[in-house]
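Colleague:
In the numbering used here, the protein residues as written are 16 to 376.
1) Determine the DSSP secondary structure at residue 363, reduced to helix, strand or coil.
2) Taking residue 209 as the reference, give the member of 192, 237, 176, 272 with the closest Cα.
3) From 250, 337, 84, 293, pick the residue whose C-alpha is nearest to that of residue 228; which is it?
4) As a quick exercise: from 287, 267, 219, pick the residue whose alpha carbon is nearest that of residue 244.
5) Would you kindly report the start and end of the unbroken alpha helix (DSSP H) that includes residue 86?
6) So, for residue 280: in the same chain, excluding its five sequence neighbours on each side, which residues have a beta-carbon less than 8 Å away from its beta-carbon?
7) Quick check: what's the CA-CA separation for residue 122 versus residue 134?
8) Can you give me the Cβ contacts of residue 282 inside the same chain, cut-off strictly under 8 Å, excluding the 5 residues immediately before and after it?
9) Excluding sequence positions up to five away, which residues of its chain have a Cβ less than 6 Å from the Cβ of residue 367?
10) With a cut-off of 8 Å, do at least 3 Cβ pairs link the segment 320-333 to the segment 134-146?
11) For residue 375, which of helix, strand or coil comes out of DSSP?
12) Within 10 Å of its beta-carbon, does residue 242 have 16 or more other beta-carbons around it, so buried, or fewer, so exposed?
13) DSSP on residue 265, reduced to helix/strand/coil?
14) Residue 162 to residue 219, Cα distance in whole Å?
15) Rounded to the nearest angstrom, how far is the Cβ of residue 213 from that of residue 185, given a contact under 8 Å?
16) Rounding to the nearest angstrom, what Cα-Cα distance links residue 143 and residue 106 in this structure?
17) Kindly indicate which three-state DSSP category residue 161 falls into: helix, strand or coil?
18) Residue 316 by DSSP, collapsed to three states: which one?
19) Check each candidate in 338, 344, 266, 54 and name the one with the smallest Cα separation from residue 160.
20) Does the Cβ of residue 158 have 16 or more other Cβ atoms within 10 Å, making it buried, or fewer, making it exposed?
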């Protein structure tokens with residue numbers, strides 16, 4: 016009967032003809048009905064009988080004859096316990112379901128994190144593979160060149176390159192918006208486009224940046240992306256720098272220690288943001304003498320934050336350059352990076368740190 020019905024409470028007489036109350040309690044305990052509350056009723060009032068019933072799982076024990084008010088109170092108390100147990104069972108079932116869903120979600124997140132970490136590692140390696148090698152830099156006549164790029168934890172889209180084709184030297188530095196694989200891919204597109212334009216002997220800065228912008232713009236549109244980048248290009252020949260394109264300020268420290276900051280805001284427009292930028296492109300020329308130093312950088316340097324959220328700043332960068340301008344390009348680079356790292360401390364780095372130091376021989 017118990018197996019075929021849905022019961023909230025069992026009133027159980029201890030003394031029964033076929034199966035006594037103790038046996039019923041044991042049967043309930045051994046089967047899935049162990050949570051069915053039972054009130055044992057018996058004419059036996061020995062303490063041993065009461066203890067045995069309670070130990071075997073009875074919720075309560077009443078001796079005959081019993082008071083109806085007392086019985087009703089005991090029944091209500093047992094039913095309340097039953098309701099609380101049912102709620103607990105329901106809650107535990109919901110909790111188990113939630114835990115299962117969380118487990119599935121965690122597995123998905125782990126898979127996504129693995130994918131993202133793989134993506135970032137690929138981007139990081141691509142960045143490093145595309146950087147100019149020391150032997151290439153050493154072949155540049157008239158200039159000492161020391162470059163540096165440190166990818167952030169999330170990998171940004173910093174770009175720097177030094178290219179020499181047909182006796183012409185072009186130095187580029189830029190910063191793609193955002194982080195991750197898409198920014199890294201755009202950086203590679205820029206490097207490839209710049210080299211291709213150089214191989215095709217394009218020397219006019221307006222035509223050069225217009226063609227570069229059009230290429231990147233069309234690719235960005237195809238990617239359904241909103242990426243763009245700031246980019247400055249420096250053409251070097253016989254002690255003269257021709258600067259074009261919009262990026263961070265260019266810092267020049269003369270051999271006598273005099274410092275100049277050259278704004279690039281009016282020399283170009285972000286690459287890939289508009290279909291044409293030809294009307295925005297301009298050029299300025301810088302004459303270099305023996306011992307003059309030029310520093311190009313991305314905002315990962317000047318905006319690097321310490322644990323208090325204070326940025327490194329262009330003023331601090333200029334001060335470090337002024338203190339070390341008489342040293343080699345490699346030593347100046349080392350001093351700048353050393354000071355930036357000292358400022359950052361153990362704070363997580365969110366943007367690539369990129370730097371190019373030029374010194375006129």
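Ideal placement from N, C-alpha and C gives every residue a C-beta, glycine not left out. Since the model is a prediction, treat every value here as computed from it, not as a measurement.
Modeller: Quick look at the numbers:
1) Reduced to three states, the DSSP call for residue 363 is coil.
2) By alpha-carbon distance to residue 209, the top candidate from 192, 237, 176, 272 is 176.
3) Checking every option, the nearest Cα to that of residue 228 belongs to 293.
4) In terms of CA proximity to residue 244, 287 leads the group 287, 267, 219.
5) Taken as a continuous stretch (DSSP letters only), the alpha helix (DSSP H) holding residue 86 covers 83-145.
6) Excluding its 5 nearest sequence neighbours in each direction, residue 280 has C-beta neighbours in its own chain below 8 Å: 261, listed in chain order.
7) Here the C-alpha atom of residue 122 lies approximately 18 Å from the C-alpha atom of residue 134.
8) The beta carbon of residue 282 lies closer than 8 Å to those of 247, 258, 259, 260, 261, 296, 297, 298, 299 in the same chain, with the five residues before and after it left out.
9) Answer for residue 367: 166, 167, 171, 173, 315, listed in chain order.
10) Flag = no, the segment 320-333 and the segment 134-146 do not touch.
11) Here residue 375 sits in strand by DSSP.
12) Residue 242 is buried by the Cβ-count criterion.
13) It is a strand residue.
14) Whole-angstrom Cα-Cα distance: 26 Å.
15) Sure, about 6 Å apart at Cβ, within 8 Å.
16) Computed Cα separation, rounded: 54 Å.
17) Judged by DSSP in its simplified three-state form, residue 161 adopts strand.
18) In this structure, residue 316 counts as helix in the three-state DSSP scheme.
19) Out of 338, 344, 266, 54, the CA that lies nearest to the CA of residue 160 is found in 344.
20) So residue 158 ends up on the buried side.
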